[in-house]
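Numbering-wise, full-length UniProt numbering puts 120 at position 120 of the sequence shown, and it's gapless, one number per residue.
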Amino acid sequence: MGETQFLSTKQGRRLAYHHTPGKGPTVVFLGGLKSDMEGTKAVFLEDWARKNGRAFLRFDYSGHGESSGAFTDGSIGDWAEDTAEAVGALTEGPLLPVGSSMGGWQALLLARAQPARVAGLVTIAAAPDFTEDGYWASFTDAQKRELEQEGHIELPSDYMEPYIITKRMIEDGRKQLVLRAPLDLPFPVRFLQGTADTAVSTSTAVKLLEHASGPDMHLRLVKDADHRFSDGPCLDLILQAIDEVDRAS
């Protein structure tokens, strides 16, 4: 697996990463909120990349995993900066982002900012605009008052310890929304979504499919797959999606 390397960014952050050299497009795994690069999908894809001579990058956003900073200090925009810094410093040529959950939003932000570099895109339970459409839209008046007065609130999670959601994350998220304006994805795109996902609904996946425009875009719904999307059959579907994007790009 190799030793963790670190990248110092112009924003003063220290990002932990693992880079596998090989042929392109470079597969870049973008993890979810409070996830890290040691997750099942990230390590599985790195092993696949090494066996197949593919360039691959996995890294921790600031406030995640081995990278510097506290999670509660971060925001969607900060992690978009981290992604741009990582791919800018550590990769060359075309990219194939694979974004999971919040990483799907990050993949869309990367594609919007650098469309010329993106050869194709794969998302897994993508959660675009979740700070607004998921968190803020579901907050009670009491929670909104608590957020305003205390600067944060605590939310339970079906998949890990409770999330601390900050006022800054909500406010910054509004600057990063991708479903309120045209979203052109001019390359092969595969969206993967489990029907048993309790964190991201199938309606979110359909909304993204209907909103985005592009010449080669498919949504695959997987019956009974949950948000982790990391059992054997699901991992095989991720590889199949990467292969489809590769061949189509």
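Built from N, CA and C at the ideal position, the CB exists for glycine as well. A quick note: this is a predicted structure, and the numbers were derived from the prediction, not measured.
Item: Cβ-Cβ separation, proline 97 to valine 206 (assumed contact under 8 Å), whole Å; Value: With 8 Å as the limit, valine 206 and proline 97 do not qualify as a contact, their Cβ atoms being about 21 Å apart.
Item: CB contact below 7 Å: glycine 32 versus chain B; Value: Among the chains in the structure shown there is no chain B, since it carries only a single protein chain.
Item: Reduced DSSP category for proline 115 - H, G, I as helix; E, B as strand; rest coil; Value: coil
Item: CA-to-CA distance, proline 25 to aspartate 94, given in whole angstroms; Value: Residue identity differs from the one stated: residue 94 is proline in this sequence, not aspartate. Cα to Cα, the separation comes out at about 5 Å.
Item: Minimum C-alpha distance to arginine 180 - residue among Pro128, Phe44 and His64; Value: Pro128
Item: 7 Å Cβ cutoff met for valine 122 and isoleucine 242; Value: yes
Item: Straight-line gap, threonine 72 to threonine 198 (C-alpha atoms, nearest Å); Value: 23 Å
Item: Spatial neighbours of proline 186 in its chain, beta-carbon cut-off 7 Å, leaving aside the 5 residues before and after; Value: Pro115, Gly214 and Pro215
Item: Beta-carbon proximity of aspartate 60 to aspartate 78, cut-off 7 Å; Value: no
Item: Reference lysine 23, options Glu66, Thr91 and Ser8, closest by Cα; Value: Thr91
Item: Own chain partners of valine 178 with C-beta closer than 6 Å, once the 5 adjacent residues on each side are dropped; Value: Leu108 and Pro128
Item: For glutamate 92, three-class secondary structure by DSSP; Value: coil
Item: Residues near arginine 50 by beta carbon distance below 6 Å, same chain, minus five either side; Value: Thr20
Item: For glycine 77, the three-state DSSP class (helix, strand or coil); Value: helix
Item: Burial state of proline 188 (16 or more Cβ within 10 Å); Value: buried
Item: Anticipated Cβ contact below 8 Å, lysine 41 with serine 157, distance rounded; Value: About 18 Å separates the two Cβ atoms, so there is no contact after all.
Item: Nearest-angstrom Cα separation, counted from valine 200 out to serine 101; Value: 8 Å
Item: Residue closest to alanine 16, alpha-carbon to alpha-carbon, out of Ser75, Asn52, Thr166 and Asp82; Value: Asp82
Item: Alpha-carbon to alpha-carbon, arginine 220 and alanine 196; Value: 13 Å
Item: Buried versus exposed, by CB contacts within 10 Å (16 or more), serine 138; Value: exposed
Item: Residues near asparagine 52 by beta carbon distance below 8 Å, same chain, minus five either side; Value: Gly22
Item: Cβ shell of glycine 63 (< 7 Å), same chain only, five flanking positions each side left out; Value: Gly69, Ala70, Phe71, Asp73 and Gly74
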